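Trainee:
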Amino acid sequence: MLTLLAFGALAAVASAANSWIVPGAAWMSTSNTKIDAHGGMVLKRGDTFYWVGQAASHSVQPYMYTSKNLLDWTPCTNPQNPIQWLWRPKLAKPNGSFWIYGQVDRNVQALKSSSISDNYAVAGSKVTLPPNAYTYSDTGMFADDDGTWYLLTSADHNNVQINKINSDGSIGTRVNVLAKGAYEAPGMFKVGGIYYLIVSGKTGWRSNPNQMFWTDKLAGGSWNGPYPIAPEAQKTYNSQNTFELTVVGSKKTTYVYMGDSWDSKGGPDSNYVWLPMSVDTGTKKVTLDYHAQWKLNAETGEVVLPSRKRRYEAEHAVVEGRGVVGRCERCLNRRGVHAADPSAQVTFHNIIGLGGPQWVQFHYHVANRTSGEAHISVNDAPAVNISAMNHRAGYHHVVPVLLDLKSGGENRIVFGVSGEAGVVLEGIEVVED
Ligand SMILES: *[C@@H]1O[C@H](CO)[C@@H](O)[C@H](O)[C@H]1NC(C)=O
Ligand SMILES: *[C@@H]1O[C@H](CO)[C@@H](O)[C@H](O)[C@H]1NC(C)=O
Ligand SMILES: *[C@@H]1O[C@H](CO)[C@@H](O)[C@H](O)[C@H]1NC(C)=O
Numbered sequence: 072m073l074t075l076l077a078f079g080a081l082a083a084v085a086s087a088a089n090s091w092i093v094p095g096a097a098w099m100s101t102s103n104t105k106i107d108a109h110g111g112m113v114l115k116r117g118d119t120f121y122w123v124g125q126a127a128s129h130s131v132q133p134y135m136y137t138s139k140n141l142l143d144w145t146p147c148t149n150p151q152n153p154i155q156w157l158w159r160p161k162l163a164k165p166n167g168s169f170w171i172y173g174q175v176d177r178n179v180q181a182l183k184s185s186s187i188s189d190n191y192a193v194a195g196s197k198v199t200l201p202p203n204a205y206t207y208s209d210t211g212m213f214a215d216d217d218g219t220w221y222l223l224t225s226a227d228h229n230n231v232q233i234n235k236i237n238s239d240g241s242i243g244t245r246v247n248v249l250a251k252g253a254y255e256a257p258g259m260f261k262v263g264g265i266y267y268l269i270v271s272g273k274t275g276w277r278s279n280p281n282q283m284f285w286t287d288k289l290a291g292g293s294w295n296g297p298y299p300i301a302p303e304a305q306k307t308y309n310s311q312n313t314f315e316l317t318v319v320g321s322k323k324t325t326y327v328y329m330g331d332s333w334d335s336k337g338g339p340d341s342n343y344v345w346l347p348m349s350v351d352t353g354t355k356k357v358t359l360d361y362h363a364q365w366k367l368n369a370e371t372g373e374v375v376l377p378s379r380k381r382r383y384e385a386e387h388a389v390v391e392g393r394g395v396v397g398r399c400e401r402c403l404n405r406r407g408v409h410a411a412d413p414s415a416q417v418t419f420h421n422i423i424g425l426g427g428p429q430w431v432q433f434h435y436h437v438a439n440r441t442s443g444e445a446h447i448s449v450n451d452a453p454a455v456n457i458s459a460m461n462h463r464a465g466y467h468h469v470v471p472v473l474l475d476l477k478s479g480g481e482n483r484i485v486f487g488v489s490g491e492a493g494v495v496l497e498g499i500e501v502v503e504d
């Protein structure tokens with residue numbers, strides 16, 4: 072059986088611990104539901120991380136999940152959702168209460184609770200932004216070292232505006248504004264006294280190259296930028312910023328970019344792109360460090376990559392139809408299988424599995440994404456398009472998907488293409504840790 076998201080519906084799978092953060096892949100909760108918390112943020116309290124976001128499949132209500140390792144997320148049972156159509160919810164604690172701020176009808180709506188993860192009630196009515204009564208679209212959140220909370224918004228007239236949150240939870244004075252173009256989806260983090268603001272361009276649900284601006288003074292400081300955070304053509308690895316998470320570990324502080332990999336309409340098929348960031352405090356350069364599959368040791372703060380992988384070359388597999396082994400400059404050993412049309416099929420026999428859900432990385436290139444894509448089938452299960460399991464399919468040359476493998480060396484994985492995409496398959500790597 073294939074254990075994945077096929078055509079938007081969940082296949083029945085035994086729930087397994089999530090061993091990796093996989094940008095673009097469907098991310099399952101510990102209840103084996105797809106995590107539905109888009110445009111959100113993560114707040115750490117004690118040793119627990121709380122992830123709040125808008126639930127695309129439940130009328131854009133705030134949904135919350137908790138985790139201790141940033142991998143396994145448990146849905147909070149008691150809903151945080153006394154309200155619908157609250158976009159991009161963000162969490163703050165400006166006084167003894169917990170607050171969620173989000174956008175309703177382009178105004179700020181606050182929710183309040185005495186507990187971080189349940190019993191939120193609507194707090195007051197919707198408000199516009201001081202001082203100009205601006206309405207806005209996207210919401211961001213930043214807590215400074217002195218405990219002051221700031222609401223970040225993409226306000227009217229192409230202002231990305233930063234307002235203090237008062238201790239009674241109301242939206243206070245505007246302390247700064249970025250007026251350097253059409254930007255939205257703001258998020259901010261601070262390293263060595265410098266405030267780094269990440270914003271996206273305004274292109275609806277389609278991704279664009281997100282940008283960074285920095286200032287050394289939050290209140291009234293001028294902004295330097297824009298600076299790229301990823302190669303322009305990557306369009307922020309097909310994502311849009313929502314929040315920057317700082318994880319202070321015993322050995323290292325790691326800054327995590329949290330982005331949304333939206334489907335074409337911000338719906339339930341949207342996924343997430345989380346990546347660690349490199350921050351060069353000298354040149355003040357912020358770079359997303361792309362990893363197809365990674366995790367963070369929440370205790371030490373260190374980034375961990377897969378270390379045990381079993382590799383199978385495509386040219387040693389069984390190649391049928393209009394598939395030919397040929398040169399491949401980008402491939403590790405300069406050879407790959409060129410799959411010319413849908414008759415081409417590559418079958419990997421005797422794949423060793425550990426028994427249960429396992430990440431398998433497909434290494435392949437697609438010449439023309441709009442004219443087709445790749446699909447796979449495991450142990451005779453129906454073929455599934457790789458893009459249904461991981462949005463990075465066709466965009467990156469390493470695409471991990473979670474497959475259900477039998478224990479032992481009897482697994483068979485068939486790789487095929489639809490359309491005339493022009494696919495070159497290098498091979499697969501089965502991750503064992
Ligand atoms: C936080 O402020 C709100 C609004 O003034 C108030 O209702 C609430 O009681 C405060 N929370 C605490 C714990 O002081
Ligand atoms: C990619 O495929 C589409 C659809 O088949 C076609 O219209 C387009 O011209 C192709 N692009 C390139 C660069 O070949
Ligand atoms: C898989 O992708 C191909 C090419 O984009 C498409 O024609 C086909 O409908 C997809 N299959 C499913 C089951 O979605």
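Just so we're aligned, residue 72 is where the sequence shown starts under this note's numbering, counting upward by one.
We put the beta carbon where it would ideally sit given N, CA and C, even for glycine.
Because the structure is a prediction, the values reported are computed rather than measured.
1. Taking all protein chains shown into account, decide if serine 293 is buried (16 or more other Cβ within 10 angstroms of its Cβ) or exposed.
2. For asparagine 140, which residues from the same chain have a beta carbon less than 6 Å from its beta carbon, with the 5 sequence-adjacent residues on both sides left out?
3. Within the same chain, show all residues whose beta-carbon is closer than 6 Å to that of tyrosine 254, passing over the 5 residues directly before and after it, in chain order.
4. Provide the residue span of the beta strand (DSSP E) that contains lysine 235, from first to last.
5. Any contact between the segment 104-113 and the segment 310-325? By contact I mean 3 or more CB pairs, one from each, below 8 Å.
6. Compare the C-beta of leucine 249 with all C-beta atoms of chain C and state if any pair is closer than 8 Å.
7. Give a single yes or no on whether serine 442 has its beta carbon closer than 7 Å to a heavy atom of ligand 2.
8. Within its chain, find whatever has a CB closer than 8 Å to the CB of valine 131; leave out the 5 residues flanking it on each side and keep chain order.
9. Using only the heavy atoms of ligand 2, determine whether one of them is closer than 7 Å to the beta carbon of asparagine 312.
10. Between the Cα of valine 113 and those of Ile187, Trp285, Thr354, spot the shortest distance and give me the residue it belongs to.
11. Given the structure, does asparagine 229 come close to ligand 2, in the sense that its CB is under 7 Å from one of the ligand's heavy atoms?
12. Do you know offhand how far proline 94's Cα is from valine 319's?
13. Buried or exposed: threonine 441, going by 16 or more other Cβ atoms within 10 Å of its Cβ?
14. Return helix, strand or coil for asparagine 309, following the three-state DSSP convention.
15. State the Cα-Cα distance for the pair serine 238 and proline 146, rounded to the nearest angstrom.
16. With DSSP as the reference, please indicate the residues paired to isoleucine 92 in a beta bridge.
17. So, for serine 102: in the same chain, excluding its five sequence neighbours on each side, which residues have a beta-carbon less than 6 Å away from its beta-carbon?
18. Put arginine 177 into one of helix, strand or coil per three-state DSSP.
19. For ligand 1, is there a heavy atom less than 7 Å away from the beta-carbon of glycine 167?
20. Fully enclosed by the segment 95-175, which beta strand (DSSP E) runs are 3 residues long or longer?
21. State the CB to CB distance for the pair valine 485 and serine 448, rounded to an integer number of angstroms; the pair is presumed to be in contact (CB under 8 Å).
22. Hey, would you say threonine 206 sits closer than 8 Å to aspartate 189, going by beta carbons?
23. By the 10 Å Cβ neighbour count, where 16 or more other Cβ atoms means buried, how is proline 302 classified, buried or exposed?
24. Taking only the alpha-carbon atoms, compute the straight-line gap between histidine 446 and glycine 424 and give it to the nearest angstrom.
25. Report yes if the CB atom of glutamine 364 is closer than 8 Å to the CB atom of glutamate 391, and no otherwise.
26. Measuring alpha carbon to alpha carbon, tell me which of Leu162, His436, Thr274, Tyr328 ends up nearest leucine 403.
27. Short of 6 Å in beta carbon distance, which residues of its chain neighbour aspartate 516, apart from the five on each side in sequence? Order them along the chain.
28. Measure the alpha-carbon distance for glycine 195 versus leucine 249 and round it to whole angstroms.
29. Do alanine 492 and alanine 411 have their beta-carbon atoms positioned less than 8 Å apart in this structure?
30. Can you tell me whether asparagine 456 sits near ligand 4, meaning its C-beta is under 7 Å from at least one heavy atom of the ligand?
31. Following a CB-centred definition, is asparagine 342 positioned closer than 7 Å to any heavy atom of ligand 2?
32. Since lysine 323 and glutamate 503 should fall inside the 8 Å C-beta cutoff, what is the C-beta to C-beta distance between them, to a whole number of angstroms?
33. How many angstroms separate the CA atom of arginine 401 from the CA atom of threonine 224?
34. Where does arginine 245 land, buried or exposed, given buried means 16+ other C-beta within 10 angstroms?
35. Whose C-alpha, out of Asn229, Leu346, Gly372, Gly296, is nearest the C-alpha of aspartate 360?
Mentor: With the given structure in hand:
1. Around the beta carbon of serine 293, a 10 Å sphere encloses fewer than 16 other beta carbons of the protein chains shown; the residue is thus reported as exposed.
2. Excluding residues within five positions, the ones whose Cβ falls inside 6 Å are Ala369.
3. Result list for tyrosine 254: Val231, Val270, in chain order.
4. Start and end: 230-236.
5. Verdict: yes, contact present.
6. In the displayed structure, chain C is absent; only one protein chain is listed.
7. Within the chosen limit of 7 Å, ligand 2 reaches the beta carbon of serine 442 through at least one heavy atom.
8. If we look at valine 131 and ignore the five residues flanking it on each side, its Cβ neighbours are Gln125, Gln155, Trp156, Leu157, Trp158.
9. In this structure, asparagine 312 has its CB at a distance of at least 7 Å from all heavy atoms of ligand 2.
10. Among Ile187, Trp285, Thr354, the Cα nearest to that of valine 113 belongs to Ile187.
11. If you check the C-beta of asparagine 229 against ligand 2, you find no heavy atom less than 7 Å away.
12. Each residue's alpha carbon lies about 22 Å from the other.
13. Flag for threonine 441 reads exposed.
14. Asparagine 309 falls in the helix class under three-state DSSP.
15. Their Cα atoms are separated by approximately 29 Å.
16. Partner(s): Trp365.
17. Here serine 102 has Pro146 as same chain residues with Cβ atoms under 6 Å from its own Cβ, once five neighbours each way along the sequence are excluded.
18. Residue state, collapsed to three classes: coil.
19. Checking the Cβ of glycine 167 against ligand 1 gives yes.
20. Here the runs fully enclosed are 109-116, 119-126, 132-138, 158-163, 169-175.
21. Distance from valine 485 to serine 448 at the Cβ level is roughly 5 Å; contact confirmed, criterion being Cβ atoms closer than 8 Å.
22. No, they are not a contact pair.
23. By the neighbour-count criterion, in which 16 or more other beta carbons inside 10 Å mark a residue as buried, proline 302 falls on the exposed side.
24. A direct Cα-Cα distance of roughly 20 Å separates histidine 446 from glycine 424.
25. In this structure, glutamate 391 does not lie closer than 8 Å to glutamine 364 by Cβ.
26. Measuring from the Cα of leucine 403, the nearest candidate turns out to be His436.
27. Nothing can be reported for residue 516: it is not among the residues displayed for the chain, which extend from 72 to 504.
28. Between the C-alpha atoms of glycine 195 and leucine 249 there is a straight-line separation of about 28 Å.
29. At the C-beta level, alanine 411 and alanine 492 stay beyond 8 Å of one another.
30. Summarising the ligand content, the structure contains ligand 1, ligand 2 and ligand 3 and does not contain ligand 4.
31. Asparagine 342: no, Cβ never under 7 Å from ligand 2.
32. With 8 Å as the limit, lysine 323 and glutamate 503 do not qualify as a contact, their Cβ atoms being about 25 Å apart.
33. Take the alpha-carbon of arginine 401 and the one of threonine 224: they are about 42 Å apart.
34. Flag for arginine 245 reads buried.
35. Closest by C-alpha distance to aspartate 360, out of Asn229, Leu346, Gly372, Gly296, is Leu346.
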